[in-house]
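Chemist:
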Amino acid sequence: MLDKFRIAKQPEVDLLTRMADAGTLPPPLEGPRPSFLDALTAPGLTVIAEYKRASPSKGDIALNLEPEDVARAYAEAGAGAISVLTETEYFKGDIAFLERMTAAGLPLLRKDFLVHPLQVRQTAATPASALLLIARMFPDAAALAAMKEQADAYGLDSVVEVFDENDLDMAKEINSTIIQVNNRDLDRLTTDLAISERLASRKDSGETWISASGMEAPEHLARMRSLGFDAVLVGTSLMRGGDPGRALATLTSEV
Numbered sequence: 001m002l003d004k005f006r007i008a009k010q011p012e013v014d015l016l017t018r019m020a021d022a023g024t025l026p027p028p029l030e031g032p033r034p035s036f037l038d039a040l041t042a043p044g045l046t047v048i049a050e051y052k053r054a055s056p057s058k059g060d061i062a063l064n065l066e067p068e069d070v071a072r073a074y075a076e077a078g079a080g081a082i083s084v085l086t087e088t089e090y091f092k093g094d095i096a097f098l099e100r101m102t103a104a105g106l107p108l109l110r111k112d113f114l115v116h117p118l119q120v121r122q123t124a125a126t127p128a129s130a131l132l133l134i135a136r137m138f139p140d141a142a143a144l145a146a147m148k149e150q151a152d153a154y155g156l157d158s159v160v161e162v163f164d165e166n167d168l169d170m171a172k173e174i175n176s177t178i179i180q181v182n183n184r185d186l187d188r189l190t191t192d193l194a195i196s197e198r199l200a201s202r203k204d205s206g207e208t209w210i211s212a213s214g215m216e217a218p219e220h221l222a223r224m225r226s227l228g229f230d231a232v233l234v235g236t237s238l239m240r241g242g243d244p245g246r247a248l249a250t251l252t253s254e255v
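Numbering-wise, the UniProt record's numbering puts 189 at position 189 of the sequence shown, and it's gapless, one number per residue.
1) Closest by CA to Glu197, which one among Arg188, Asn183 and Gln119?
2) For Leu63, is the classification buried or exposed, using 16 other Cβ atoms within 10 angstroms of its Cβ as the cut-off for buried?
3) Report the three-state DSSP secondary structure of Ser83 (helix, strand or coil).
4) Short check: CB of Val162 to CB of Ala135, under 7 Å?
5) From the DSSP output, read off the bridge partner residues of Val96.
6) Per DSSP, what are the beta-bridge partners of Ala130 in this structure?
7) Start and end of the beta strand (DSSP E) containing residue 279?
8) Tell me whether Leu2 is buried or exposed, calling it buried when 16 or more other Cβ atoms sit within 10 Å of its Cβ.
9) Looking at Tyr154: is its Cβ nearer than 7 Å to the Cβ of Ala128?
10) When we look at the beta-carbon of Ala22 and count the other beta-carbons within 10 Å, is it buried (16 or more) or exposed?
11) When burial is assigned at 16 or more other CB atoms within 10 Å of the CB, is Ala194 buried or exposed?
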């Protein structure tokens, strides 16, 4: 699955390379960005609400919901941050959505399949406060560390995503501050919260952890909080009903 996403991103990397050679890459955004890490470490369990229009497993989810409206609804319903899917082919996202979702005032996470330093530079030119780095998309810890170091240099938080113990070893090797455990089986495209349960015991002091995928009921959030997670990322269950704000309020009503 990740190889398929990597192939889909190659035209973007090629375009960014041509732009870099021509000196036409947009400059990094100047001025402060809302702190993504601060949002995750606020008291209680932080919900990162996701703007997700489609996915390979669910197909089209909510193509009619505009990013501005969803961002406002999430902010009013108490989200601590917003994850914005920017991958175009399989998730029908757009990097322009980041700019369109700033009015809500929440930190934005660029969620995409980033494998090249120029994609970090591209992200730095947007209002995103953080970007996603999927550990197993890199050949080794050194390559992952290089991407994280570049993000640090631009003032972007790196969310390092792991699926299993080997991924987690890599994340810890590069001293990741924010670690996201994805509960999805990439081969079967199913979710199992037992993945977060299994890895939670390895959380160390100074790390901020997110559990992602499979969050569909208040008891799921309570379960993650009891395991020591600082935040959860919720997408499909909020978007599919057509009223993301109401769905978020319902999901968090008992947590």
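Ideal Cβ placement from N, Cα and C applies to all residues, glycine included.
Modeler: Put simply:
1) Out of Arg188, Asn183 and Gln119, Asn183 has the C-alpha closest to the C-alpha of Glu197.
2) It counts as exposed.
3) Reduced to three states, the DSSP call for Ser83 is strand.
4) Contact flag set, yes.
5) Looking at the sequence provided, one finds Ala at residue 96 rather than Val. DSSP output for Ala96 lists no bridge partner at all.
6) The partner list for Ala130 (beta bridge, DSSP) reads Leu109 and Asp157.
7) Residue coverage of the chain in this structure runs from 1 to 255, which leaves residue 279 outside it and unanswerable.
8) Burial check for Leu2: the Cβ neighbour count within 10 Å stays below 16, so the residue is exposed.
9) Tyr154 is not a Cβ neighbour of Ala128, given a cutoff of 7 Å.
10) Ala22 is classed as exposed because its beta carbon has fewer than 16 other beta carbons within 10 Å across all chains shown.
11) Ala194 should be labelled exposed.
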